[in-house]
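In the numbering used here, each number is its position in the sequence shown, counted from 1, plus 321. C-beta: ideal position from N, C-alpha, C; glycine also. Below is one structure; the comments refer to it alone.
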Amino acid sequence: MAEQKLGKPKKRQKLEKFLDILGETVAVITILAYVVFIVNANWAFLPAGIITSIIAGIRTYGLITLLGIVGFEATAKRNIVIKIIFYVLFAAIIIFQFFPGTWGTVVGAINQ
322 MAEQKLGKPK
332 KRQKLEKFLD
342 ILGETVAVIT
352 ILAYVVFIVN
362 ANWAFLPAGI
372 ITSIIAGIRT
382 YGLITLLGIV
392 GFEATAKRNI
402 VIKIIFYVLF
412 AAIIIFQFFP
422 GTWGTVVGAI
432 NQ
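Listed below in C-alpha cells is the structure:
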C-alpha cells in the first residue's frame, strides 16, 4: 500500500505515455513534411495544389502542435503555477495565430 503512494498515479502515467507517443508521431510527421517540402523546392516533383497545401499546413502547424504536446507532457509533473504560466503563454500563441498581420510583424522584427 505504501508503495502505491510513493509512485506516480496510474492516471498520470497513462497521460505521460499517451503524450509521449503522440509527440513522437507528430515529430516524425512534421520532419517528413519538412523533408518533402525542401526536396520539392529543389526538384519540384509535386504539382502545385492540394498536396503542397497540406504539406505547408503540416509544416506551419506541426511545430506548434509539437510544442504544445511536449509542453503538456513536461507540465504534467509540475506544480499548478508552472502549468498556468505554460497554458497562458501557449494560449497566447494560438490566439495570435488568428490575426493575419501578426506573423508578418514577427518576421519583420526578426529580419531587422
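Once DSSP output is grouped into helix, strand and coil, what is the label at residue i?
i, result
"GLN418", "coil"
"ASN363", "helix"
"ALA395", "helix"
Between residue i and residue j, what straight-line distance do the alpha-carbon atoms span, to the nearest angstrom?
i, j, result
"LEU384", "THR351", "7 Å"
"THR346", "PHE339", "11 Å"
Could you tell me the boundaries of the alpha helix (DSSP H) in which residue i lies?
i, result
"ALA369", "Segment: none, ALA369 is in no alpha helix (DSSP H) and carries neither H nor E."
Considering only the alpha carbon of each residue, which of the options lies closest to residue i?
i, options, result
"ALA412", "GLY389, LYS331 and GLU337", "GLY389"
"GLY344", "GLN334, GLU394 and VAL357", "GLU394"
Since residue i and residue j are thought to touch, with beta carbons under 8 Å apart, how far apart are those beta carbons, to the nearest angstrom?
i, j, result
"GLU337", "ALA397", "6 Å"
When every heavy atom of the ligand FAD is checked, does at least one fall within less than 7 Å of the C-beta of residue i?
i, result
"LEU388", "As far as ligands go, the structure on display features none, and thus does not contain the ligand FAD."
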